[in-house]
Amino acid sequence: MLVNGVPAGFFSSSKGLRQGDPLSPYLFIMGMEVLSVLISRAVEGGFIYGCRIWKGRGQPVNITHLLFADDTIVFCEAKKESLLYLSWILLWFEAASGLKINLEKSMVIPVGEVEGALDMAAEIGCKVGQLPTVYLGLPLGAPNRASSVWDGVEEKMRRKLALWKRHFLSKGGRITLIKSTLASIPLYQMSLFRMPKSVARRLEKLQRNFLWGGANGGNKAHLIKWEVVCTDKKKGGLGLRKLIWLNKALLGKWIWRFARAKEELWKKVLEAKYGKEEFGWRTKKANGVFGVGVWKEILKESTWCWDNMVFKVGKGNKVRFWIDPWCGNNVLSEAFPDLFSMAVQRSATVEDYWDQNLSQGGWSLRLLRDFNDWELGLVDNMLVELRNYRVSMEEDSVFWRGGADGLFKVKEAYRVLVNADEAAFPHSNVWVAKVPTKIIFFAWEATWGKVLTLDRLQRRGWHLPNRCFLCGCEEETINHILIHCTVAKGLWDIILALCGVQWVLPNSVKEVLSSWKGSFVGRKRKKVWKSIPLFIFWTIWKERNRLAFKGVC
Numbered sequence: 001m002l003v004n005g006v007p008a009g010f011f012s013s014s015k016g017l018r019q020g021d022p023l024s025p026y027l028f029i030m031g032m033e034v035l036s037v038l039i040s041r042a043v044e045g046g047f048i049y050g051c052r053i054w055k056g057r058g059q060p061v062n063i064t065h066l067l068f069a070d071d072t073i074v075f076c077e078a079k080k081e082s083l084l085y086l087s088w089i090l091l092w093f094e095a096a097s098g099l100k101i102n103l104e105k106s107m108v109i110p111v112g113e114v115e116g117a118l119d120m121a122a123e124i125g126c127k128v129g130q131l132p133t134v135y136l137g138l139p140l141g142a143p144n145r146a147s148s149v150w151d152g153v154e155e156k157m158r159r160k161l162a163l164w165k166r167h168f169l170s171k172g173g174r175i176t177l178i179k180s181t182l183a184s185i186p187l188y189q190m191s192l193f194r195m196p197k198s199v200a201r202r203l204e205k206l207q208r209n210f211l212w213g214g215a216n217g218g219n220k221a222h223l224i225k226w227e228v229v230c231t232d233k234k235k236g237g238l239g240l241r242k243l244i245w246l247n248k249a250l251l252g253k254w255i256w257r258f259a260r261a262k263e264e265l266w267k268k269v270l271e272a273k274y275g276k277e278e279f280g281w282r283t284k285k286a287n288g289v290f291g292v293g294v295w296k297e298i299l300k301e302s303t304w305c306w307d308n309m310v311f312k313v314g315k316g317n318k319v320r321f322w323i324d325p326w327c328g329n330n331v332l333s334e335a336f337p338d339l340f341s342m343a344v345q346r347s348a349t350v351e352d353y354w355d356q357n358l359s360q361g362g363w364s365l366r367l368l369r370d371f372n373d374w375e376l377g378l379v380d381n382m383l384v385e386l387r388n389y390r391v392s393m394e395e396d397s398v399f400w401r402g403g404a405d406g407l408f409k410v411k412e413a414y415r416v417l418v419n420a421d422e423a424a425f426p427h428s429n430v431w432v433a434k435v436p437t438k439i440i441f442f443a444w445e446a447t448w449g450k451v452l453t454l455d456r457l458q459r460r461g462w463h464l465p466n467r468c469f470l471c472g473c474e475e476e477t478i479n480h481i482l483i484h485c486t487v488a489k490g491l492w493d494i495i496l497a498l499c500g501v502q503w504v505l506p507n508s509v510k511e512v513l514s515s516w517k518g519s520f521v522g523r524k525r526k527k528v529w530k531s532i533p534l535f536i537f538w539t540i541w542k543e544r545n546r547l548a549f550k551g552v553c
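The sequence shown lines up with residues 1 to 553 when you count with the UniProt record's numbering.
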């Protein structure tokens, strides 16, 4: 043990740490390091052979064990001797660390046809498992495109809904639970596996039915299209995300991570299995059928990912001068096609075009022939583009195009994929801070004109007389009852008079919120001012419902 960097010798332990203690993860890492060293020495001595990954491309990788906290996977040959040596290693580990292997939770999992699996498991004293199984919450050895892989995710969502059946939740409360709980359940598995469209439809149906009908579902009206619900708040939605597009964004992050990774083990495994392209930014295409499903699906996201990535030139030896996007947002071969057609080597790197012999270094264009007079302007324009770029001693790297810090973010990638049209929606006057979510949700419905007033019930086939419950004079529409009804207008006049404002109310709820500026109230009272129409709408609607359902049990 080192205390302030000085060896302090051994000490006797008095008590252990509870799980969840801040020191627990570090102690697990220190303890499992002992096991890792023991296994590595057994491999070096030729007692255990791991899994060698190599397809004739790149450097072979030998994997003997993977550690995650206190979970361990050991790879070895399906031989009784290998399991015997492994059992000795585990005994030494228990003696050295004071930890005890939980054999009830441990298992030997044969891959393919293995004879004598029970005898090999007996060497360690654990049971025999089989593929497919679950490891760290993800399916292992299962067909990754099978819908059954997602049954566990759907079951978790249904269990959550069952717990909420006993609670009466407003729509505002439901959207909060969807965002915080239901929508987050499939994220972990979606970050690695492609979700089938049929599964996405089922999971979105659970969310949709819960939003409009509560935990019991029921045959409740879905007032606004799910495509609108799943758009950004600024564009009139609720900020939920379509699972298919979110899945693509999550898978695309692996393309980004591969390009940015240096010496990570997972990158070495992929390079050994599939090979890598010339400069190592991506793997070669995953061909074949067996064992390539996950990465093959991830590679389908390469095109849109690389369309939104740019290179930052360091040494310039891994970035192609004409073809790669490194000079601003332009690809030089597209910006200067005439000069590109004259290039000596079209796949040359940036380093090849940098002449260190010029004073302080400079760009030296290598073309097949001398310039014509009319081409000098093109050369000048190109040199102007290049003047702010220089080769340095740093390594070349990639950045996400348009990101604030140049890093990949799933939220930004999702927006790139969806690319929804801009919609005029008064989002800043609907989503007002410190206003209860149920009131905001009602204002959102009213802004879209989708509240179930009598006119909309008639459109849905309900045979009801249409008269405003407040004034009893005109037909009930959402704009009438919230703005133009004599009773509602009286409330508006009182509130506006208290604020010292004279205002002619617009025709629709959307126009009211869009024109509710309040630049004269000052910064401190602005939030209060923005919340006024939301509370007026809610008060009027509650009174309307009180009169509509008066005497109804």
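We put the beta carbon where it would ideally sit given N, CA and C, even for glycine.
Counting pairs of Cβ atoms below 8 Å between the stretch 499–517 and the stretch 425–437, do you hit three or more? With a cut-off of 8 Å, the stretch 425–437 and the stretch 499–517 count as touching, because enough Cβ pairs lie within range.
Review point. If you compare alpha carbons, which of Glu375, Asp373, Lys315, Ala420 is closest to Ser397?
Key: Taking Ser397 as reference, the option from Glu375, Asp373, Lys315, Ala420 with the minimal CA-CA separation is Lys315.
Taking the alpha carbon of Lys55 as the point to measure from, which residue in Gly9, Leu250, Val269, Ile244 has its own alpha carbon closest?
Nearest to Lys55 by C-alpha distance, out of Gly9, Leu250, Val269, Ile244, is Val269.
Pull the bridge partners of Ile124 from the DSSP assignment, please. Paired residue(s): none; Ile124 is not in a bridge.
* Asked: Buried or exposed: where does Gln130 fall if 16 or more other Cβ atoms within 10 Å of its Cβ makes it buried?
  -> Flag for Gln130 reads exposed.
Could you round the C-beta distance between Gly240 and Val229 to whole angstroms and report it? I think they count as a contact, below 8 Å.
-> Inspection of the sequence shows that residue 240 is occupied by Leu rather than by Gly. Yes, Leu240 and Val229 are in contact; Cβ-Cβ is about 6 Å, under 8 Å.
Inset, instruction - For Trp448, name the three-state secondary structure that DSSP assigns. - result: DSSP places Trp448 in the coil class of the three-state scheme, outside both helix and strand.
**Asked** Taking the Cβ atom as the reference point for each residue, do Val310 and Trp322 lie within a distance shorter than 8 Å?
**Response** Taking C-beta atoms as the reference points, Val310 and Trp322 fail to come closer than 8 Å.
From what residue to what residue does the alpha helix (DSSP H) around Lys296 run? Membership of Lys296 in the alpha helix (DSSP H) is indicated by the continuous run 293–299.
If you run the structure through DSSP and keep just helix, strand and coil, what is Cys468?
In the three-state scheme derived from DSSP, where H, G and I count as helix and E and B as strand, Cys468 is classed as coil.
**Request:** For the stretch 392–447, list the alpha helix (DSSP H) runs that are entirely contained and at least 4 residues long, ordered along the chain.
**Result:** If we require 4 residues or more, the alpha helix (DSSP H) runs fully inside the stretch 392–447 come out as 410–418, 427–430, 437–447.
Check your understanding: In or out: Tyr353 buried (at least 16 other Cβ within 10 Å) or exposed?
Key -> Tyr353 counts as buried, since at least 16 other C-beta atoms from the protein chains shown sit within 10 angstroms of its C-beta.
Cα-Cα, which of Glu385, Arg369, Val391 is closest to Gln356?
It is Val391 whose Cα lies nearest to the Cα of Gln356.
Taking 8 Å as the cut-off, decide whether the C-beta atoms of Phe442 and Trp538 are in contact. Contact: yes.
- Other residues of its chain near Gly50: CB distance less than 8 Å, five sequence neighbours each side excluded: Correct list, in chain order: Val43, Asn62, Ile63, Thr64, His65, Phe75, Cys76.
- Which residues share a DSSP beta bridge with Ile73? Note: Ile73 sits in a beta bridge opposite Leu66.
*In three-state DSSP terms, what is Gly9?*
Of the three classes helix, strand and coil, the one that applies to Gly9 here is coil, per DSSP.
Taking 8 Å as the limit between beta carbons, can you name the residues of its chain near Leu367, skipping five residues before and five after?
Closer than 8 Å at Cβ, skipping near neighbours: Leu339, Met342, Ala343, Val344.
For Gly490, count neighbouring Cβ atoms within 10 angstroms of its own Cβ and tell me buried if that reaches 16, exposed if not.
Under this definition Gly490 is an exposed residue.
Exercise for review: Under 8 Å by Cβ, that's how I've got Gln59 and Ala404 pegged, so tell me the actual separation to the nearest angstrom.
Suggested key: Not quite, the Cβ-Cβ distance comes to about 36 Å (not below 8 Å), so this is no contact.
Measure the C-alpha to C-alpha separation of Lys284 and Phe258 and round it to an integer number of angstroms.
Going from the Cα of Lys284 to the Cα of Phe258 covers about 12 Å.
Next item on the list: Quick one: give me the first and last residue of the alpha helix (DSSP H) that Cys305 is part of.
Entry: Bounds of the alpha helix (DSSP H) holding Cys305 are 302–307.
Are Met32 and Leu86 closer than 8 Å when you measure CB to CB?
-> Leu86 is positioned such that its CB atom lies no closer than 8 Å to that of Met32.
Q. If you drop the 5 nearest sequence neighbours on each side, which residues of the same chain put their C-beta closer than 8 Å to that of Val435?
A. Excluding sequence neighbours, Val435 sits near Ser531, Leu534, Phe535.
field: As assigned by DSSP and simplified to three states, the class of Val134
entry: In the three-state reduction of the DSSP assignment, Val134 falls in the strand class, which pools E and B.
If you reduce the DSSP assignment to three classes, tell me which class Gly500 lands in. Assignment of Gly500 by DSSP, reduced to helix, strand and coil, places it in the coil class.
Quiz item: Does DSSP put Val3 in a helix, a strand or coil?
Solution: If DSSP states are grouped into helix, strand and coil, Val3 belongs with the strands.
**Item:** Beta-carbon proximity of Val410 to Lys234, cut-off 8 Å
**Value:** For Val410 and Lys234, no; Cβs fall outside 8 Å.
**Asked** If you measure from the beta carbon of Leu177 to each beta carbon in chain D, is any gap under 8 Å?
**Response** The question asks about chain D, but that chain is absent: this structure has only one protein chain.
Rank Phe10, Ser106, Trp503 by C-alpha distance to the C-alpha of Ala122 and give the top, closest one. Looking at the Cα atoms, Ser106 is the closest of the given residues.
Here's a check: name, in chain order, each residue in its chain whose Cβ is nearer than 6 Å to the Cβ of Cys553, leaving out the five neighbours to either side. Its pLDDT being 48, under 50, Cys553 is placed unreliably by the model, and the measurement read from it follows with that caveat. Result list for Cys553: empty, nothing under 6 Å.
Comparing C-alpha positions only, which one of Thr437, Arg459, Gly213 sits nearest to Leu161? Closest option to Leu161, Cα to Cα, is Gly213.
Expressed to the nearest angstrom, what Euclidean distance is found between the alpha-carbon atoms of Glu511 and Trp444? Their Cα atoms are separated by approximately 13 Å.
Q) Ends of the beta strand (DSSP E) at Arg52? A) Boundaries of the beta strand (DSSP E) around Arg52: 51–53.
For Cys553, three-class secondary structure by DSSP: In this predicted model, Cys553 has a pLDDT of only 48, less than 50, meaning its place in the structure is not dependable enough to derive any value.
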